[in-house]
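*Asks:* Mind having a look at this structure? Questions to follow.
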Amino acid sequence: PVLLDQRVFPSSLTESFTADHKPLMGEAPELRGFFLGCGFNSAGMMLGGGCGQELAHWIIHGRPEKDMYGYDIRRFHHSLTDNRLWIRERSHESYAKNYSVVFPHDEPLAGRNMRRDPLHEELLQQGCVFQERHGWERPGWFSPQGPAPILPYDYYGAYEHQPHEDYKYNRLLSNEYTFDFPPHHDIIQKECLSCRDAVAVFDMSYFGKFYLVGPEAKKAADWLFSADVHKHPGDGYYLTVGGAVAQYNWSHITTVLQDKKFNCQLVDCSEDIGMISVQGPESRAVLQEVLETDLSNEAFPFSTNKLVKAAGHLVRAIRLTFVGEMGWELHVPKASCVPVYKAVMKAGAKHGIINAGYRAIDSLSSEKGYRHWHADLRSDDTPLEAGLAFTCKLKSAIPFLGREALEKQRASGLLRRLVCFTVDKKVPMFGLEAIWRNEKVVGHIRKADFGFTINKTIAYGYIQNPEGGPVSLEFVKSGDYALERMGVIYAAQVHVKSPFDPDNKRVKGIY
């Protein structure tokens, strides 16, 4: 027991609350060698021991031993940490909701409209219900009830602020305060099935867009990226990264460039380029009317890109997908985003084109088995455990960051492995559900969603051998599995391949 002198620790202390109610830890992105361990939101006694141990490991080895991404100061974009209004509003809301139940699809009301892409007003008028990620307003889903603008923060009526009355956006959020399927479950279904059956447009402009350029850009790329980039000609690289981790990626890459003394630089163009993704079996027919180039499989194969004209505007078209369909991403200069978007929607009208948001992307990508950062993938996971060995150039002799650790793990065998589960019963799951194998708990779910195409609940989690041995594919396939949600156990089927289009025919344009 520790006795605290009340003269030193008075009963009413001034407490710090951070913008997301989590501590600030790790190396400051503005100053190498300066580490933070603060902002514990009145939970320092509870968190101090473990956080102190991880921070010590972080300082000595350059990274923590455990996954500390949720506490890492790099989770915030510098434009937000430099914004006093954002800090004041979000810190207040994190305090106001200190003891609130955390629902799966909640969004903040504070610190909104800080970063808006060129399509924001256009999509708002079409009923877009926005999500906040990294300060960006990104499309969540589209309501048939029309525009739901996000109003200035009212501090929940505190400090003599007048609370908003009949706040439509807040009302839509409140309807989501459930651990069941949300009331607009059928709207997400429509967006998903329209993408699978026809064509959908996703505004992904919140993504980070960087250029890695300079005399040693290739040398840096070889070291930074696990994949073999030698097949890509040129002296520079265009990188697109999930917008919610743009600052984290930026800090990691620039740190490596500095430590390895590579003669190159990373240029941030995130605010200057929009990103319009057109996906679905009718995407080629739609875009063939908009893009001035041949979109056939032979002329424009999967995972290639071209600089082309779209409705008279120069864009970079990349044949990629994160939903498991034939489709293209259009990387568009900011000033050209609206006219290019309108041209796509006009051409797609006769093909049943619709707008879709990230709630649909979450479901579609889960069906296809695409990995999400900090759900399926964390800093303490490896590509081998996550089923991403194909992204690593281990068959080459090229050294890259982390290669030795992967080779050692491959030689010794995997002690855990990410696997996919489906549940026939239509039950909502959100993550952290227990995984049972042969009546023993072998892990927990990292990510879950409902797959509207296969009409099943989908979940992903890492499993371990309770006996401590390797987790081989035979071990994965030989067990009887169940998932436990709120004390109820549901029979589950395990999959070692994607439960939807495992042969990637649709991605290749084969329907």
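Count along the sequence shown from 1, then add 214; that gives the number in the numbering used here. Note that CB positions come from ideal geometry on N, CA and C, so glycine has one too. All values derive from a computational prediction rather than experimental measurement.
Check this for me: beta carbons of L333 and V552, under 9 Å apart or not?
*Replies:* As a working mapping, residue 333 is identified with position 119 in the sequence shown. As a working mapping, residue 552 is identified with position 338 in the sequence shown. In this structure, V552 lies closer than 9 Å to L333 by Cβ.
*Asks:* With DSSP as the reference, label I612 as helix, strand or coil.
*Replies:* Counting from 1 along the sequence shown, the entry for residue 612 is found at position 398. Note: I612 maps to coil in three-state DSSP.
*Asks:* Going by beta carbon distance, what residues of the same chain come within less than 7 Å of D590, once the five residues before and after it are set aside?
*Replies:* Mapped onto the sequence shown, residue 590 falls at position 376. Answer for D590: A600, L632, R660, K661, Y674, listed in chain order.
*Asks:* To the nearest angstrom, how far is it from the Cα of S626 to the Cα of L598?
*Replies:* Position 412 of the sequence shown holds residue 626. Position 384 of the sequence shown holds residue 598. Going by the C-alpha atoms only, they are around 12 Å apart.
*Asks:* Excluding five sequence neighbours on each side, which residues of the same chain lie with their C-beta closer than 8 Å to the C-beta of T392?
*Replies:* Working through the sequence shown from its first residue, we reach residue 392 at position 178. F317.
*Asks:* Quick check on this structure: which residue in G583, V522, K564 has the alpha carbon closest to the alpha carbon of V554?
*Replies:* For the purposes of this step, residue 554 is taken as residue 340 along the sequence shown, with counting starting at 1. If we check each option's Cα against that of V554, V522 comes out closest.
*Asks:* Cutting at 7 Å between CB atoms, please list the residues of its own chain near D638, excluding the five before and the five after it.
*Replies:* Taking the sequence shown and counting its residues from 1, the one referred to as residue 638 is at position 424. Only K670 meet the Cβ criterion.
*Asks:* At least one CB of chain B closer than 9 Å to the CB of G723: is that the case?
*Replies:* In the displayed structure, chain B is absent; only one protein chain is listed.
*Asks:* What residues in its chain sit with their C-beta under 7 Å from that of A525, if we drop five residues either side in the sequence?
*Replies:* Counted from its first residue, the sequence shown places residue 525 at position 311. Counting only Cβ-Cβ distances below 7 Å, and skipping sequence neighbours, we find V504, P553, V554, A557.
*Asks:* Report all residues from its chain with a CB closer than 7 Å to the CB of G541; omit the five preceding and five following residues, and keep chain order.
*Replies:* One-based indexing of the sequence shown puts residue 541 at position 327. Cβ within range, chain order: S491, V492, Q493, G494, S497, T535.
*Asks:* Can you name the start and end residues of the alpha helix (DSSP H) that R288 belongs to?
*Replies:* As a position in the sequence shown, residue 288 is number 74, starting the count at 1. Taken as a continuous stretch (DSSP letters only), R288 belongs to no alpha helix (DSSP H), as it is neither H nor E.
*Asks:* Whose CA, out of G682, V459, Q472, F714, lies closest to the CA of K582?
*Replies:* What you label residue 582 is simply residue 368 of the sequence shown in a count that begins at 1. Among G682, V459, Q472, F714, the Cα nearest to that of K582 belongs to F714.
*Asks:* Should P429 go down as buried or exposed, given a rule of 16 or more other Cβ atoms within 10 Å for buried?
*Replies:* The residue labelled residue 429 in the question sits at position 215 within the sequence shown. With fewer than 16 Cβ atoms within 10 Å of its Cβ, P429 is classed as exposed.
*Asks:* Can you check DSSP and say which residues form a bridge with L521?
*Replies:* Within the sequence shown, residue 521 is the residue found at index 307, counting from 1. L521 is bridged to R530.
*Asks:* Kindly confirm or deny that the segment 642-658 and the segment 609-626 touch, where touching means at least three C-beta pairs closer than 8 Å.
*Replies:* As far as the Cβ criterion goes, the segment 642-658 does not touch the segment 609-626, which means the pair count is below three.
*Asks:* Is L269 helix, strand or coil by DSSP?
*Replies:* Residue numbering aside, residue 269 sits at position 55 when the sequence shown is read from its first letter. Helix.
*Asks:* Going by beta-carbon coordinates alone, are R326 and I364 separated by less than 9 Å?
*Replies:* Residue numbering aside, residue 326 sits at position 112 when the sequence shown is read from its first letter. Residue numbering aside, residue 364 sits at position 150 when the sequence shown is read from its first letter. A contact, by the Cβ cut-off of 9 Å.
*Asks:* Using C-beta distances below 6 Å, list every residue in its chain close to A648, excluding the 5 sequence neighbours before and after it, in chain order.
*Replies:* Within the sequence shown, numbered from 1, the residue matching residue 648 stands at position 434. These residues qualify, in order along the chain: V655, H658, E698.
*Asks:* Can you grab the Cα-Cα spacing for the pair Q403 / K474, in whole Å?
*Replies:* The sequence position of residue 403 within the sequence shown is 189, counting from 1. The sequence position of residue 474 within the sequence shown is 260, counting from 1. If you take the alpha carbons of Q403 and K474, they lie about 48 Å apart.
*Asks:* Could you check how far apart the C-beta atoms of Y420 and G457 are, in whole angstroms? I think they sit under 8 Å.
*Replies:* Against the sequence shown, residue 420 aligns to sequence position 206. Against the sequence shown, residue 457 aligns to sequence position 243. That pair is a contact at about 4 Å.
*Asks:* Note down, one range per segment and in chain order, each alpha helix (DSSP H) of at least 4 residues found wholly within the segment 615-660.
*Replies:* Qualifying alpha helix (DSSP H) stretches, in chain order: 617-626.
*Asks:* Hey, out of V537, H565, L528, A563, whose CA is closest to S550's CA?
*Replies:* Translated into positions along the sequence shown, residue 550 becomes position 336. It is L528 whose Cα lies nearest to the Cα of S550.
*Asks:* Do S517 and R530 have their C-beta atoms closer together than 9 Å?
*Replies:* The residue labelled residue 517 in the question sits at position 303 within the sequence shown. The residue labelled residue 530 in the question sits at position 316 within the sequence shown. No, the Cβ-Cβ distance between S517 and R530 is not below 9 Å.
*Asks:* By alpha-carbon positions, which one of R585, C409, H466 ends up nearest to N569?
*Replies:* The count along the sequence shown starts at 1 and reaches residue 569 at position 355. Out of R585, C409, H466, C409 has the C-alpha closest to the C-alpha of N569.
*Asks:* Can you tell me whether DSSP reads T507 as helix, strand or coil?
*Replies:* Walking along the sequence shown from the start, residue 507 turns up at place 293. Correct three-state label for T507: coil.
*Asks:* For the beta strand (DSSP E) containing M489, name the first residue and the last one.
*Replies:* One-based indexing of the sequence shown puts residue 489 at position 275. M489 -> beta strand (DSSP E) spans 487-493.
*Asks:* From C252 to F644, what distance separates their C-alpha atoms?
*Replies:* Along the sequence shown, read from residue 1 onward, the residue named residue 252 stands at position 38. Along the sequence shown, read from residue 1 onward, the residue named residue 644 stands at position 430. Straight-line Cα distance between these residues: approximately 30 Å.
*Asks:* Tell me where the beta strand (DSSP E) around D482 begins and ends.
*Replies:* Within the sequence shown, the letter at position 268 stands for residue 482. Taken as a continuous stretch (DSSP letters only), the beta strand (DSSP E) holding D482 covers 479-482.
*Asks:* Any chance the CB of L386 is under 8 Å from a heavy atom of the ligand COA?
*Replies:* Ligands in the displayed structure: none, and consequently the ligand COA is not present.
*Asks:* Can you tell me which residues form a DSSP beta bridge with I672?
*Replies:* Within the sequence shown, residue 672 is the residue found at index 458, counting from 1. Paired residues: T636, D663.
*Asks:* Going by C-alpha distance, which of G263, Y369, Q345 is nearest S308?
*Replies:* Along the sequence shown, read from residue 1 onward, the residue named residue 308 stands at position 94. Taking only the C-alpha atoms, the option nearest S308 is Y369.
*Asks:* Which one or two residues does DSSP pair with L238 in a beta bridge?
*Replies:* To locate residue 238, count along the sequence shown from 1; it is residue 24. Per DSSP, C252.
*Asks:* Per DSSP, which residues does P547 bridge with? Please list them.
*Replies:* Within the sequence shown, numbered from 1, the residue matching residue 547 stands at position 333. The partner list for P547 (beta bridge, DSSP) reads I487.
*Asks:* Mapping DSSP to helix, strand and coil, what is V567?
*Replies:* Here residue 567 is taken as the residue at index 353 of the sequence shown, counted from 1. The displayed chain sequence assigns Ile, not Val, to residue 567. Here I567 sits in coil by DSSP.
*Asks:* Determine the DSSP secondary structure at E405, reduced to helix, strand or coil.
*Replies:* What you label residue 405 is simply residue 191 of the sequence shown in a count that begins at 1. Here E405 sits in helix by DSSP.
*Asks:* Just grab the DSSP bridge partners of G262 for me.
*Replies:* Locating residue 262 in the sequence shown gives position 48, where the first residue counts as 1. Bridge partners of G262: none, in fact.
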